[in-house]
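For reference, the structure is listed below as structure tokens.
Protein chains: 2
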Amino acid sequence: MSVLRLECTKCEQTFAPGKVWNLCTACQAPLFARYDLERAARTLRKEALPGRERSMWRYHEVLPVDDPAHRLSLGEGFTPLLSAPRLGSWLGLQRVLVKDESGNPTGSFKARGLSAAVSMAKALGAKAVCLPSAGNAGSALAAYAARGGLEAHVFVPKDIASLFLMETRAYGAHVETVEGLISDAGRVCAGLAKEHGWYECATLKEPYRVEGKKTMGYELAEQLGWTLPDVILYPTGGGTGLIGMWKAFEEMEAMGLIGAKRPRMVAVQAEGCAPIVKAHAEGKPDAPMWQGATTHAHGLRVPKALGDFLILRAVKDSHGTAVSVTEEEIVQGTKDIAAAEGLFVAPEGGACVAALKKLHAAGDVKPEETVVVFNTGTGFKYVENMAPLW
Amino acid sequence: MSVLRLECTKCEQTFAPGKVWNLCTACQAPLFARYDLERAARTLRKEALPGRERSMWRYHEVLPVDDPAHRLSLGEGFTPLLSAPRLGSWLGLQRVLVKDESGNPTGSFKARGLSAAVSMAKALGAKAVCLPSAGNAGSALAAYAARGGLEAHVFVPKDIASLFLMETRAYGAHVETVEGLISDAGRVCAGLAKEHGWYECATLKEPYRVEGKKTMGYELAEQLGWTLPDVILYPTGGGTGLIGMWKAFEEMEAMGLIGAKRPRMVAVQAEGCAPIVKAHAEGKPDAPMWQGATTHAHGLRVPKALGDFLILRAVKDSHGTAVSVTEEEIVQGTKDIAAAEGLFVAPEGGACVAALKKLHAAGDVKPEETVVVFNTGTGFKYVENMAPLW
Numbered sequence: 001m002s003v004l005r006l007e008c009t010k011c012e013q014t015f016a017p018g019k020v021w022n023l024c025t026a027c028q029a030p031l032f033a034r035y036d037l038e039r040a041a042r043t044l045r046k047e048a049l050p051g052r053e054r055s056m057w058r059y060h061e062v063l064p065v066d067d068p069a070h071r072l073s074l075g076e077g078f079t080p081l082l083s084a085p086r087l088g089s090w091l092g093l094q095r096v097l098v099k100d101e102s103g104n105p106t107g108s109f110k111a112r113g114l115s116a117a118v119s120m121a122k123a124l125g126a127k128a129v130c131l132p133s134a135g136n137a138g139s140a141l142a143a144y145a146a147r148g149g150l151e152a153h154v155f156v157p158k159d160i161a162s163l164f165l166m167e168t169r170a171y172g173a174h175v176e177t178v179e180g181l182i183s184d185a186g187r188v189c190a191g192l193a194k195e196h197g198w199y200e201c202a203t204l205k206e207p208y209r210v211e212g213k214k215t216m217g218y219e220l221a222e223q224l225g226w227t228l229p230d231v232i233l234y235p236t237g238g239g240t241g242l243i244g245m246w247k248a249f250e251e252m253e254a255m256g257l258i259g260a261k262r263p264r265m266v267a268v269q270a271e272g273c274a275p276i277v278k279a280h281a282e283g284k285p286d287a288p289m290w291q292g293a294t295t296h297a298h299g300l301r302v303p304k305a306l307g308d309f310l311i312l313r314a315v316k317d318s319h320g321t322a323v324s325v326t327e328e329e330i331v332q333g334t335k336d337i338a339a340a341e342g343l344f345v346a347p348e349g350g351a352c353v354a355a356l357k358k359l360h361a362a363g364d365v366k367p368e369e370t371v372v373v374f375n376t377g378t379g380f381k382y383v384e385n386m387a388p389l390w
Numbered sequence: 001m002s003v004l005r006l007e008c009t010k011c012e013q014t015f016a017p018g019k020v021w022n023l024c025t026a027c028q029a030p031l032f033a034r035y036d037l038e039r040a041a042r043t044l045r046k047e048a049l050p051g052r053e054r055s056m057w058r059y060h061e062v063l064p065v066d067d068p069a070h071r072l073s074l075g076e077g078f079t080p081l082l083s084a085p086r087l088g089s090w091l092g093l094q095r096v097l098v099k100d101e102s103g104n105p106t107g108s109f110k111a112r113g114l115s116a117a118v119s120m121a122k123a124l125g126a127k128a129v130c131l132p133s134a135g136n137a138g139s140a141l142a143a144y145a146a147r148g149g150l151e152a153h154v155f156v157p158k159d160i161a162s163l164f165l166m167e168t169r170a171y172g173a174h175v176e177t178v179e180g181l182i183s184d185a186g187r188v189c190a191g192l193a194k195e196h197g198w199y200e201c202a203t204l205k206e207p208y209r210v211e212g213k214k215t216m217g218y219e220l221a222e223q224l225g226w227t228l229p230d231v232i233l234y235p236t237g238g239g240t241g242l243i244g245m246w247k248a249f250e251e252m253e254a255m256g257l258i259g260a261k262r263p264r265m266v267a268v269q270a271e272g273c274a275p276i277v278k279a280h281a282e283g284k285p286d287a288p289m290w291q292g293a294t295t296h297a298h299g300l301r302v303p304k305a306l307g308d309f310l311i312l313r314a315v316k317d318s319h320g321t322a323v324s325v326t327e328e329e330i331v332q333g334t335k336d337i338a339a340a341e342g343l344f345v346a347p348e349g350g351a352c353v354a355a356l357k358k359l360h361a362a363g364d365v366k367p368e369e370t371v372v373v374f375n376t377g378t379g380f381k382y383v384e385n386m387a388p389l390w
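As structure tokens, this is what we get:
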């Protein structure tokens, strides 16, 4: 079995793999999967990778799901890392790269985490899965549940764009709209999960979504010839991707694939919902619930992240920072990258472009540094939501 | 230079590469690029491919654009060939595969052809490019033009979904809506192209879009271990992809990558616009203009294809067929593949699922045959268009 044990990210208590776990039973913090990295390193070698499958499962030694037949895959991951020379030159930077997650199944990076989590749910015997979502996680859950023949239940805020409802229901999922934010949807979901015995896939509430997401870190290293960029800008709602990449860097170093150098991790949020930015500025180890959260970038409308302390720790340890941008800046960022590079990105991607402008203006990025901007999803799913602002 | 010459697909007259050509100057038929395949075969070897880049440019020996610096790429191609076991079992077929083009840049297979064509336009010195479009070709043209810093002009039918206008304009293109169908838009485009000296990228009116599209054929072979499927279902509007794959099979055989066996090529159309189906049934070598064309699958609303004789020839020579489906069947096909496999496909992809049902019911596909269904784009771009039918 590739996963040796599950380990609490706070109190380090360990749990045996092979059965369903959610949060740490002692301290209610998220669990991380831990692998025998020495064994993994024997086959996960740089020279072995080029011939492997064109999906995140190319790193199967450090992923859960041992039996390939149990992997529910729609071709997620191994997305392009695009050079953005025209955008870079507009910004006065020499090497801007875009990790473009828009081509993933269901149109966003959520596919990675949910491919891993739903595969594990099925392997562990679950018949039904559920989560609260701003939209993309719900549709990804539903797609992989369809692929695996599982029942899916998705809980979304009432103001969600109608496309997500149509898509998620097309996959056969039950979708319930909830008054309020994703945190409110989460409460309803958790209650019903307990009542019906559904496998709960809320962000970091089970240990495998972050495993799928961490593959973004492996891909960056592989695509950059086993080096890492100087700076990574990541749109941070629940923050699983940022947390996952930070975990991936640690694993890769332990396996001898990269050295000790780390990128500066920049958490990008919207001014209307910036709990991480606030907590980072105040030097706090965790981020209290943000009151009155609002932004059109629905993936960033997460008032309280379960992994707040992990995000803040990675930002701090990497000498990175956290930046917020306005709604107008998000729209302008989206327009800039479309006109410069032909990429129609999600507003969360636009937020990172806007944040990069700010960082550069503040002298926090040097012109010669290698900067990776994440676009976490396609803009096509946000047209209903964003069009009024254009 | 990889392209040796351009050759008329009707009268076989040849033209020197390295300058702008549209249709054959003698007979007005489309031109094909011809390569030194003996030379290409020396490096385009099966064992060389696994380590190559994850895009259609992995087959660069048989693509135009010699200087890699001239390739305008957003990571197009090398899309997943997904097994569809649950859909297959619903249909009573043992091996159904989906070539899923939805993850391409700009969300459709159009990215392939326009990556090649716009790259060549720029390499040949063009400052502005143009085409008529049902939506996806226009947005792909605009994206690659943005990437290359070229001016783009797109002509679309007036009833196009608003998303395409927003997307295409975000890339900086000039978009003009035209009363009528794509054929009407084509007339306006051709007139203005002549007047202003724009490089015209209408389907098969220049020789390079089909080169990008043909890579779908190379990928099928590579992904199937250098064999070809028994049957290919392809949604056929302009038909460049079908024509391109047929050309690819010929090239691959000449290079010794595959044998003489060919798949049966099935052209799928909508009942409201089925010129190829009609011409095939009547045994004609070309397909007259279809009157009163109508279908919600806008990519299939092509009343007259410039390459009609090439489509009909490939269908006939492959012992394939041409099938039309109703609007209700298209919607049902789209719903079926979403619920069975977690794929939210374009209506053109849904049409192929529906056509496969018909073929199977008629005994035209055997249960043990390997069948590839094409999904040419993401369903996200069609929500405005299709939602009223759901």
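Those protein sequence lines, which keep their order, are chains U and R. Numbering of the first sequence is given in full-length UniProt numbering, commencing with residue 1 and proceeding in unit increments. Numbering of the second sequence is given in full-length UniProt numbering, commencing with residue 1 and proceeding in unit increments. Don't be surprised by glycine CBs; every beta carbon is placed ideally from N, CA and C.
E167 of chain R touches chain U at which residues, Cβ-Cβ below 9 angstroms?
Residue mapping note: residue 167 of chain R aligns to position 167 of the second sequence, counting from 1. The contacting residues are A338, F344, G379, F380 and V383.
What do you reckon, are the CB atoms on T376 of chain U and E348 of chain U nearer than 7 angstroms?
For the purposes of this step, residue 376 of chain U is identified with residue 376 of the first sequence, where counting begins at 1. For the purposes of this step, residue 348 of chain U is identified with residue 348 of the first sequence, where counting begins at 1. Contact annotation: T376 of chain U and E348 of chain U have beta-carbon atoms nearer than 7 angstroms.
R313 of chain U: contacting residues in chain R (beta-carbon distance under 8 angstroms):
As a working note, residue 313 of chain U is residue 313 in the first sequence. Result: empty, since nearest Cβ-Cβ is about 33 angstroms, beyond 8 angstroms.
Spatial distance of T14 of chain U from E7 of chain U (CA atoms)
Locating residue 14 of chain U in the first sequence gives position 14, counting from the first residue. Locating residue 7 of chain U in the first sequence gives position 7, counting from the first residue. Rounded to whole angstroms, T14 of chain U and E7 of chain U show a C-alpha spacing of 4 angstroms.
Is any beta-carbon of chain U found at less than 7 angstroms from that of E327 of chain R?
Position 327 of the second sequence, counted from the first residue, corresponds to residue 327 of chain R. Not closer than 7 angstroms to any Cβ of chain U, the Cβ of E327 of chain R fails to qualify, so no.
What residues are listed by DSSP as bridge partners for G377 of chain R?
The residue you call residue 377 of chain R lines up with position 377 of the second sequence. The partner list for G377 of chain R (beta bridge, DSSP) reads R:S108.
Please report the residue range of the alpha helix (DSSP H) in which K357 of chain R lies.
In the second sequence, counting from the first residue as 1, residue 357 of chain R sits at position 357. P347 to A361 is the extent of the alpha helix (DSSP H) around K357 of chain R.
Could you have a look at L49 of chain U and say whether DSSP puts it in helix, strand or coil?
For the purposes of this step, residue 49 of chain U is taken as residue 49 along the first sequence, with counting starting at 1. The answer is coil: DSSP assigns L49 of chain U none of H, G, I, E or B.
Contact criterion: CB-CB distance below 7 angstroms. Does G172 of chain R meet it with respect to chain U?
One-based indexing of the second sequence puts residue 172 of chain R at position 172. In terms of beta-carbon proximity, G172 of chain R lines the interface with chain U, with at least one pair separated by less than 7 angstroms.
Decide if W390 of chain R is buried, meaning its Cβ has at least 16 other Cβ atoms within 10 Å, or exposed.
Mapped onto the second sequence, residue 390 of chain R falls at position 390. So W390 of chain R ends up on the exposed side.
Just the C-alpha distance for A254 of chain R and F380 of chain R, rounded to the nearest angstrom, thanks.
Residue 254 of chain R sits at position 254 when you count from the first residue of the second sequence. Residue 380 of chain R sits at position 380 when you count from the first residue of the second sequence. One C-alpha to the other measures close to 39 angstroms.
What does the Cβ neighbour count give for Q291 of chain R, buried or exposed, with the cut at 16 atoms within 10 Å?
For the purposes of this step, residue 291 of chain R is identified with residue 291 of the second sequence, where counting begins at 1. Exposed, by the Cβ-count rule.
Residue environment, V266 of chain R, which counts as buried when at least 16 other CB atoms sit within 10 Å:
Numbered from its first residue, the second sequence carries residue 266 of chain R at position 266. Counting of Cβ neighbours within 10 angstroms places V266 of chain R among the buried residues, the total reaching 16 or more.
At the 7 angstroms Cβ level, is R187 of chain U part of the contact set with chain R, yes or no?
Taking the first residue of the first sequence as position 1, residue 187 of chain U is located at position 187. No, because no Cβ of chain R sits closer than 7 angstroms to the Cβ of R187 of chain U.
Secondary structure of R264 of chain U, DSSP reduced to three states
The sequence position of residue 264 of chain U within the first sequence is 264, counting from 1. In this structure, DSSP gives R264 of chain U an extended state, which the three-state scheme calls strand.
Examine chain R for any beta-carbon lying closer than 7 angstroms to the beta-carbon of P50 of chain U, and answer yes or no.
Translated into positions along the first sequence, residue 50 of chain U becomes position 50. For P50 of chain U, the answer is yes, since a Cβ of chain R falls inside 7 angstroms of its Cβ.
Simplified DSSP assignment, three categories, for S83 of chain U
For the purposes of this step, residue 83 of chain U is taken as residue 83 along the first sequence, with counting starting at 1. Annotated three-state conformation of S83 of chain U is strand, per DSSP.
Can you name the residues of chain U whose CB is closer than 7 angstroms to the CB of Y144 of chain R?
Translated into positions along the second sequence, residue 144 of chain R becomes position 144. Simply G342.
What residues in its chain sit with their C-beta under 8 angstroms from that of E368 of chain U, if we drop five residues either side in the sequence?
The residue you call residue 368 of chain U lines up with position 368 of the first sequence. Same-chain partners within the cutoff: Q94 and R95.
Compile a chain-ordered list of the residues in the stretch 95–111 of chain R whose CB is closer than 9 angstroms to at least one CB of chain U.
So the close ones are D100, S102, G103, N104, P105, T106 and G107.
In chain order, each alpha helix (DSSP H) run of at least 4 residues that lies wholly inside the stretch 181–253 of chain R
Counting only runs of 4 or more, we get 182–196 and 209–223.
In chain R, which residues lie with their C-beta within 8 angstroms of the C-beta of R54 of chain U?
Translated into positions along the first sequence, residue 54 of chain U becomes position 54. Chain-order list of chain R residues neighbouring R54 of chain U: R54, F78 and P80, by C-beta distance under 8 angstroms.
Is the CB of R147 of chain U under 7 angstroms away from at least one CB in chain R?
Here residue 147 of chain U is taken as the residue at index 147 of the first sequence, counted from 1. Judged by the 7 angstroms Cβ criterion, R147 of chain U is in contact with chain R.
Going by DSSP, which residues form a beta bridge with S89 of chain U?
Working through the first sequence from its first residue, we reach residue 89 of chain U at position 89. Looking at the DSSP assignment, S89 of chain U forms no beta bridge with any residue, so it has no partner.
In this structure, does DSSP put E7 of chain U in helix, strand or coil?
Position 7 of the first sequence holds residue 7 of chain U. Residue state, collapsed to three classes: strand.
Where DSSP assigns a beta bridge to Y35 of chain R, which residues make up the other side?
The residue given as residue 35 of chain R occupies position 35 in the second sequence. For Y35 of chain R, which the question treats as bridged, DSSP gives the partners R:V3.
Got a sec, what are the start and stop residues for the beta strand (DSSP E) P132 of chain U sits in?
Counting from 1 along the first sequence, the entry for residue 132 of chain U is found at position 132. Going by DSSP, P132 of chain U is part of the beta strand (DSSP E) stretching over A128 to P132.
Beta-carbon proximity list for Y218 of chain U, same chain, < 6 angstroms, skipping 5 on both sides
Here residue 218 of chain U refers to the residue found at position 218 when the first sequence is read from its first residue. Sequence-distant partners of Y218 of chain U (beyond 5 residues in either direction) whose C-beta falls short of 6 angstroms from its own C-beta, in its chain, are Y59 and A248.
Below 8 angstroms, can you find three or more Cβ-Cβ pairs linking the stretch 64–73 of chain U to the stretch 326–345 of chain U?
Counting Cβ pairs under 8 angstroms, fewer than three are found: no touch.
Comparing alpha-carbon positions, which option in R:I276, R:H196 and R:V325 lies nearest E151 of chain R?
Here residue 151 of chain R corresponds to residue number 151 of the second sequence, with the count starting at 1. Nearest to E151 of chain R by C-alpha distance, out of R:I276, R:H196 and R:V325, is R:H196.
Quick one: is L163 of chain R near chain U, going by C-beta distance under 7 angstroms?
For the purposes of this step, residue 163 of chain R is taken as residue 163 along the second sequence, with counting starting at 1. When Cβ-Cβ separations below 7 angstroms define contact, L163 of chain R makes contact with chain U.
Return the residues of the stretch 107–136 of chain U that lie within a Cβ-Cβ distance of less than 8 angstroms from chain R, sorted by chain order.
From the stretch 107–136 of chain U, only G107 have a Cβ closer than 8 angstroms to chain R.
Got a sec, what are the start and stop residues for the alpha helix (DSSP H) V334 of chain R sits in?
As a working mapping, residue 334 of chain R is identified with position 334 in the second sequence. For the sequence presented, residue 334 of chain R should be read as Thr rather than Val. Its alpha helix (DSSP H) spans residues E327 to E341.
Which residues share a DSSP beta bridge with P157 of chain U?
For the purposes of this step, residue 157 of chain U is identified with residue 157 of the first sequence, where counting begins at 1. In DSSP, P157 of chain U forms a bridge with U:V178.
So the candidates are R:F155, R:P207 and R:S108; which of them puts its Cα closest to the Cα of Q28 of chain R?
In the second sequence, the residue the question calls residue 28 of chain R occupies position 28. Measuring C-alpha to C-alpha distances from Q28 of chain R to each of R:F155, R:P207 and R:S108 identifies R:P207 as the nearest.
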